[in-house]
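The structure appears right after this line, and notes come after that.
Numbering (this note's numbering), first residue to last: 7 to 89.
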């Protein structure tokens, strides 16, 4: 994840936490509270999408790494058979 995306993710997470704090205090009027709630839902959706993309990248890189390890093990095994 690039520094810009990470900063955006972290900033969005802090913003969501702030919205939750505001709502939990119960000091907002109905319309303002509903607006904050809606903004929180949108932020949560964006955060979930970011996490899903990050998870997919990690899974892809893990698969590549495992494939590379398997190839190295195969090569190492082939080398011992010739001895």
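Note that beta-carbon positions come from the ideal geometry of N, C-alpha and C, so glycine has one too.
Cβ neighbours of residue 53 in the same chain (closer than 8 Å, five flanking residues each side left out):
15, 18, 19, 22
Are there 16 or more other CB atoms within 10 angstroms of the CB of residue 25, so buried, or fewer, so exposed?
buried
Touch check for the segment 63 to 78 and the segment 29 to 39: three-plus C-beta pairs under 8 Å?
no
If distances are taken between C-alpha atoms only, which option among 34, 33, 29, 80 comes closest to residue 47?
29
What ranges does the alpha helix (DSSP H) occupy inside the segment 39 to 80, keeping only unbroken runs of at least 4 residues that lie completely in it?
none
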